[in-house]
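Residues 637 to 729 in our numbering are what the sequence shown lists, from first letter to last. Just so it is clear, CB atoms sit at the ideal spot from N, CA and C, and this is done for glycine as well. In this text, all values refer to a predicted model and were calculated from it rather than measured experimentally. Single-structure report; data block below.
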Amino acid sequence: MALEACNAHNLLSIRGKFQMLLLDFVHPKLILQKLVEHLLKRIEASLRRELYYWHAYYDRRLPPGITALLKLEEFVAKFMSMCRKNSGSRKYV
């Protein structure tokens, strides 16, 4: 979902999915880990290093429980920003 289109509507949809997972008591670090594993399979090699960096950054700062929703959403927004930046620079090279 985060790879398809980088817009606010998709971010809102992803936030709803995170909210449902957190309400079902899925640990936020597990959500982040599985999300990163899924993204690593689908992105090109040039983005992987930056994705690892941001995964470590948010993994350390992820609060427990439902309060992690904002940090998870922030991580997805950061990833969307990375993709947009990378796709913009790729067009001109």
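Contained alpha helix (DSSP H) runs [length at least 4] in the region 689–728, N- to C-terminal order
The region 689–728 contains, as complete alpha helix (DSSP H) runs of 4+ residues, the segments 705–727 (chain order).
Are the Cβ atoms of Phe711 and Trp690 separated by less than 8 Å?
Your numbering for residue 711 matches position 75 in the sequence shown. Your numbering for residue 690 matches position 54 in the sequence shown. Yes, Cβ-Cβ distance for Phe711 and Trp690 is below 8 Å.
For Leu659, I'd like the list of residues in its chain whose CB is within less than 8 Å of its CB, leaving aside the five on either flank, ordered along the chain.
For the purposes of this step, residue 659 is taken as residue 23 along the sequence shown, with counting starting at 1. Closer than 8 Å at Cβ, skipping near neighbours: Ile702.
Closest to Leu648 by C-alpha separation, out of Leu675, His663, Met718 and Ala713, would be which residue?
In the sequence shown, the residue the question calls residue 648 occupies position 12. Per the Cα distances, Ala713.
DSSP three-state assignment for Val662, whether helix, strand or coil:
Here residue 662 refers to the residue found at position 26 of the sequence shown. Assignment of Val662 by DSSP, reduced to helix, strand and coil, places it in the coil class.
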